[in-house]
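Scroll down for the structure; my scribbles are underneath it.
There are 2 protein chains.
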Amino acid sequence: MAANAGEMTIDTSHMDILSVAADCFEKSGFAATSIDDVARKLGATKGRIYHHFPSKTDLFVAVVRRGMAMCYEVIEPVRQLDLPPLQKLSRMAAAHAKLMIETKHFQRSVWEGVEMHRRAAMTPDQREALEELLKTREGYSALFRRELTAARDNGDLDFENLSVTNQLMFMALNSPIFWYSPRPGETETDINRLVGQIVQFALRGLGASKEFTG
Amino acid sequence: MAANAGEMTIDTSHMDILSVAADCFEKSGFAATSIDDVARKLGATKGRIYHHFPSKTDLFVAVVRRGMAMCYEVIEPVRQLDLPPLQKLSRMAAAHAKLMIETKHFQRSVWEGVEMHRRAAMTPDQREALEELLKTREGYSALFRRELTAARDNGDLDFENLSVTNQLMFMALNSPIFWYSPRPGETETDINRLVGQIVQFALRGLGASKEFTG
DNA sequence: GTCTATATGGTGATAGAC
DNA sequence: GTCTATCACCATATAGAC
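From first to last, the protein sequence lines stand for chains A and B.
Residue numbering for the first sequence is -13 to 200, as defined by our numbering.
Residue numbering for the second sequence is -13 to 200, as defined by our numbering.
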């Protein structure tokens, strides 16, 4: 199945470098982040990074791959539940949105990778390295579209164009990577409430009835 | 009034340079765009650009300012209509979303400017140059929040947190700058239908009743 | 107002010591 | 595996001719 072909397992090697790199890419973006920036934040020098990653592009791709693996991992158990489409979609959406909040620095790079590809603003080596990941991303998106379609066929959702709707839904679910920042003293409950608002907005937007979305 | 203080009028000078610069910034982002790129696309050399804009940052800021001026211009007539809050909000949202589609290249730079500011990923001169624009942006956002609040007080909308909701709404309305691309043979009617889907998604998300959103 | 140099600084990447 | 040079290149910005 296409979805399984695109699945990813988590590679735990060099997590320290990846995590710091994700922070840097989140803060300044790929182009404006230098390898020296990452090294400095690591308390090391370039040599360490270039020993493990052949190029800046490869480092970035590793961050993106890691972020996407997290997505698959968090969605997988929900996806296997035996639930009506709208309820499954709701759970998947919540898991996704919560992950965006919790792993914002990685997910920003995932976003930028998708953007680079969409705008074709890449050198040939970057393109090749990202190509595989974007197929995986497409498979991930398809998991959601499947439930969207099923729920619409059920009469539980009401929308016009699947592709536009899918974009709008992911836009809402991904949005915390742009505006969320943790507050001092914030609790798990606070986060869950935030996730609730995001999912409610998205599901209502998709035309779910008030009884369902509260 | 704060909103008026933030209003902008359109400066029509050097529109050729600004338009080409917006194209480049849209395609590659601020950091990855070189002045030579812009010049080449203009069919000129750096000299021409540096004669009119003292630095790359100033060129970028001019593009952002221009994009925001377009927002104010397109919203102003709608804002002055004497309508119930939800209906005014709906018209404002449609005008905004349509502008995002029609001036995507400029609006991408506006977005990137806001992002640079939010992430504090700027040199001091960039920060100073963008500061003014972000106050203007805040005033623009306030125009929408005013209607959001009024409509909620009316009982026409139903949402929890104003600030989160405002983010989610703008995310949906802005989203075409990321995924829209013009199709061959696309008509004005096609665009309007697309805008309709976006606005419907956003208003439903905000908790507008089905009678209103169709 | 626009072009052709050119100065200057930073960045990706490599080589070789430890 | 990590560090310290160092190279080669590219991009911002300037100076001065036309």
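Ideal Cβ positions, reconstructed from N, Cα and C, are used throughout, including at glycine.
Asked                                                                                                                                                                                       : Found
Mind checking if Leu187 (chain A) is an interface residue toward chain B, Cβ cutoff 8 angstroms exclusive?                                                                                  : The sequence shown places Phe at residue 187 (chain A), not Leu. So yes, Phe187 (chain A) belongs to the interface.
Pull up the distance between the alpha-carbon of Ile184 (chain A) and that of Asp144 (chain B), whole angstroms please.                                                                     : 14 angstroms
Nearest CA to the CA of Val6 (chain B): which residue from B:Thr(-2), B:Gly15, B:Ala25?                                                                                                     : B:Ala25
Look at the Cβ atom of Leu192 (chain B), then the Cβ atom of Met155 (chain B), and state whether they are nearer than 8 angstroms.                                                          : yes
For Arg77 (chain A), decide whether its Cβ has a neighbour in chain B, counting only Cβ atoms nearer than 8 angstroms.                                                                      : no
Would Leu116 (chain B) and Thr135 (chain B) qualify as a contact pair, given that the criterion is a beta-carbon distance under 8 angstroms?                                                : no
When you compare only the Cα positions, how much space is there between Arg65 (chain B) and Asp68 (chain A)?                                                                                : 48 angstroms
Write down every uninterrupted run of the alpha helix (DSSP H) in the segment -12 to 43 of chain A whose length is 4 residues or greater and which is fully enclosed by it, in chain order. : -12 to -9, 1 to 18, 21 to 28, 32 to 38
So with CB distances below 7 angstroms, who are the chain A contacts of Gly171 (chain B)?                                                                                                   : Simply none; closest approach about 17 angstroms.
To the nearest angstrom, report how far apart Arg190 (chain B) and Val47 (chain A) are at their CA atoms.                                                                                   : 37 angstroms
With 16 as the cutoff for other CB atoms within 10 Å, does Met(-13) (chain B) come out buried or exposed?                                                                                   : Unreliable placement is indicated for Met(-13) (chain B), whose pLDDT of 43 sits below 50; the coordinate value is still reported in the next sentence. Classification for Met(-13) (chain B): exposed.
Hey, would you say Ser95 (chain B) sits closer than 8 angstroms to Phe11 (chain B), going by beta carbons?                                                                                  : yes
Thinking just about the alpha-carbon of each residue, which of B:Asp22, B:Met1, B:Lys196 is nearest to the one in Val50 (chain B)?                                                          : B:Met1
Taking only beta carbons into account, state which residues of the segment -7 to 11 of chain B come closer than 8 angstroms to chain A, listed in chain order.                              : none
At the level of alpha carbons, what is the spacing between Thr151 (chain A) and Phe187 (chain A)?                                                                                           : 13 angstroms
In chain B, which residues lie with their C-beta within 9 angstroms of the C-beta of Ile184 (chain A)?                                                                                      : Val150, Leu154
So Ala8 (chain A) and Ala18 (chain B) are in contact, right, with Cβ under 8 angstroms, and what is the actual spacing, rounded?                                                            : Between Ala18 (chain B) and Ala8 (chain A) the Cβ distance is about 19 angstroms, and since that is not below 8 angstroms, they are no contact.
Tell me which same chain residues have a C-beta within less than 6 angstroms of the C-beta of Glu(-7) (chain B), skipping the five on either side of it?                                    : Tyr58
Which residues in chain B have a C-beta closer than 9 angstroms to the C-beta of Arg138 (chain A)? List them in chain order.                                                                : By Cβ distance, chain B contributes nothing, its closest Cβ being about 14 angstroms from Arg138 (chain A), past 9 angstroms.
Have a look at B:Lys13, B:Val100, B:Ile3, B:Ala83 and flag the residue whose alpha-carbon is nearest the alpha-carbon of Leu119 (chain B).                                                  : B:Val100
Just the C-alpha distance for Asp(-3) (chain A) and Arg52 (chain A), rounded to the nearest angstrom, thanks.                                                                               : 7 angstroms
Under the assumption that Gln93 (chain A) contacts Met102 (chain A) (Cβ atoms under 8 angstroms), give the Cβ distance between them as a whole number of angstroms.                         : Between Met102 (chain A) and Gln93 (chain A) the Cβ distance is about 15 angstroms, and since that is not below 8 angstroms, they are no contact.
Just reading off the alpha helix (DSSP H) that Ser149 (chain B) is part of, what are its end residues?                                                                                      : 148 to 160
DSSP on Gly125 (chain B), reduced to helix/strand/coil?                                                                                                                                     : helix
Between the Cα of Lys42 (chain B) and those of B:Gly15, B:Gly29, B:Ile61, spot the shortest distance and give me the residue it belongs to.                                                 : B:Gly15
Would Ser127 (chain B) pass as an interface residue toward chain A - the criterion being a Cβ-Cβ separation below 8 angstroms?                                                              : no
Can you tell me which of B:Met78, B:Glu146, B:Arg138 puts its alpha carbon nearest to the alpha carbon of Asp176 (chain A)?                                                                 : B:Glu146
At a Cβ threshold of 8 angstroms, is Lys13 (chain A) touching chain B?                                                                                                                      : yes
For Phe145 (chain B), which three-state DSSP category applies?                                                                                                                              : coil
Which same chain residues, not among the five before or five after Ile3 (chain B), have their C-beta less than 7 angstroms away from its C-beta?                                            : Leu28, Ile35, His38
Can you list, in chain order, the residues of its chain whose CB lies under 7 angstroms from that of Pro168 (chain B), leaving out five sequence neighbours each side?                      : none
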